[in-house]
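Structure record follows, encoded as structure tokens.
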Amino acid sequence: MSFRGARSSDDTPWHDLLSKSSAGGNPKKSEPVGSDFLETLRDAQGDMLCPLFVRMYFMPDDRRRVFKSTADLEASDIRSLYDGFHSPIAELDCGRKCAPHNPSGKPFCCDICHAVPAAYKSEWKYLQPNTDLWHKWRGDECEETTQSEIRQLREETPKNMVLLACLGPDQCQRDFRALSCRQFPFFPYVTADRRFIGLAYEWQFEPVCWVISNLADVSQRYRQEFLRTYDKLFALFEEEFEQYAYHSDIMRAEFRKHKRRFPLLHRNGGYYLVSAKSERLERVEVDRLPRFGVYRK
Ligand code: SF4
Ligand code: SF4
Numbered sequence: 161m162s163f164r165g166a167r168s169s170d171d172t173p174w175h176d177l178l179s180k181s182s183a184g185g186n187p188k189k190s191e192p193v194g195s196d197f198l199e200t201l202r203d204a205q206g207d208m209l210c211p212l213f214v215r216m217y218f219m220p221d222d223r224r225r226v227f228k229s230t231a232d233l234e235a236s237d238i239r240s241l242y243d244g245f246h247s248p249i250a251e252l253d254c255g256r257k258c259a260p261h262n263p264s265g266k267p268f269c270c271d272i273c274h275a276v277p278a279a280y281k282s283e284w285k286y287l288q289p290n291t292d293l294w295h296k297w298r299g300d301e302c303e304e305t306t307q308s309e310i311r312q313l314r315e316e317t318p319k320n321m322v323l324l325a326c327l328g329p330d331q332c333q334r335d336f337r338a339l340s341c342r343q344f345p346f347f348p349y350v351t352a353d354r355r356f357i358g359l360a361y362e363w364q365f366e367p368v369c370w371v372i373s374n375l376a377d378v379s380q381r382y383r384q385e386f387l388r389t390y391d392k393l394f395a396l397f398e399e400e401f402e403q404y405a406y407h408s409d410i411m412r413a414e415f416r417k418h419k420r421r422f423p424l425l426h427r428n429g430g431y432y433l434v435s436a437k438s439e440r441l442e443r444v445e446v447d448r449l450p451r452f453g454v455y456r457k
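Numbering (the numbering used here), first residue to last: 161 to 457.
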């Protein structure tokens, strides 16, 4: 499980903010910066924004630093990201909804036989001295994991990330959940014309994840925190944006193959079905969204 609306407070579409911020650059290549972040930059720099400033981040202690990669995130940055993305996905404990359908009795996303969490190396650096929750994934935590699966997972893990395994759901420490735990089952959806417009889900988990079949239960607060977190990360790290643009591409290809549309939790707070072929968005009532597996009614 390498795991806002369309308008800002002044009612300016967020992608227009991006175009304005690119100071003559190609809007399609602009960083997908959230308006909160841009306001922070404007306050400090006046009206002028250039790409260099987009790579600067004002930390809570007012230091101004330049980031080259996620490896430059310090412990306080990781803690700040965690603190800004802590709300539960729904009012109820979704683990209680899915765990009864897993023979191991664990929520699927907390079962190492179903999902291996990935964390930034900088996250691991923060977690190591602060909690005993995690260890580096060895591949032997689940008896059913094959050597070829171990090889494939390692090969597919981005260089800036590390695969981890935790003590399990009975001993989870909420404060030290990795970003991948917090975002699951969602990922930031990036359109073919390179706009981060909302949350899409990890489609491989359709048959087992209760949340995917009950998107109406995902709180607006969680959605806002998710969007703010990725607006910040994408403003800092183009490579992160590119990885999710690629993942979104794969999702479109997968759904095209099956001639299906996929649900999107849009920045504007609405629910949409997206055409995998044309990316046309249709706003729908939440009760029109599909349910899967044992969660079908
Ligand atoms: S996010 Fe999905 S898989 Fe994870 S605990 Fe909730 S319902 Fe289960
Ligand atoms: S740290 Fe907690 S939320 Fe994350 S996989 Fe482990 S048990 Fe699940």
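Glycine included, each C-beta is placed from N, C-alpha and C at the ideal position.
(message) Any heavy atom of ligand 2 inside 7 Å of the beta-carbon of G120?
(response) Nothing can be reported for residue 120: it is not among the residues displayed for the chain, which extend from 161 to 457.
(request) Compute every distance between the C-beta of V378 and the non-hydrogen atoms of ligand 1, then say whether any falls below 7 Å. (result) no
(request) Return helix, strand or coil for F213, following the three-state DSSP convention. (result) Confidence at F213 is low in this model, with a pLDDT of 35, below 50, so the placement of that residue should be treated as unreliable; the coordinate-derived value is given next. Helix at F213.
(request) Could you tell me if the beta carbon of G453 falls within a distance shorter than 7 Å of some heavy atom in ligand 1? (result) no
(message) I need the DSSP call for V454, collapsed to helix, strand or coil.
(response) helix
(message) Quick check on DSSP: helix, strand or coil for V378?
(response) Note: V378 maps to coil in three-state DSSP.
(message) Tell me the rounded alpha-carbon separation between A376 and R440.
(response) 21 Å
(request) Excluding the 5 residues preceding and the 5 following V454 in the sequence, name in chain order all residues of the same chain whose CB lies nearer than 6 Å to its CB. (result) H261
(request) Give me the Cα-Cα distance between Y286 and L252, rounded to the nearest whole angstrom. (result) Distance from the CA of Y286 to the CA of L252, rounded to the nearest whole angstrom, comes to 29 Å.
(message) Do L324 and W363 have their beta-carbon atoms positioned less than 8 Å apart in this structure?
(response) no
(request) Quick one: give me the first and last residue of the beta strand (DSSP E) that F347 is part of. (result) F346 to V350
(request) Along the beta strand (DSSP E) that carries F422, what are the first and last residues, could you check? (result) R421 to H426
(request) Would you kindly work out how many angstroms separate the C-alpha atoms of G265 and C273, rounded to a whole number? (result) 12 Å
(message) Can you determine whether any heavy atom of ligand 1 sits closer than 7 Å to the C-beta of K257, and answer yes or no?
(response) yes
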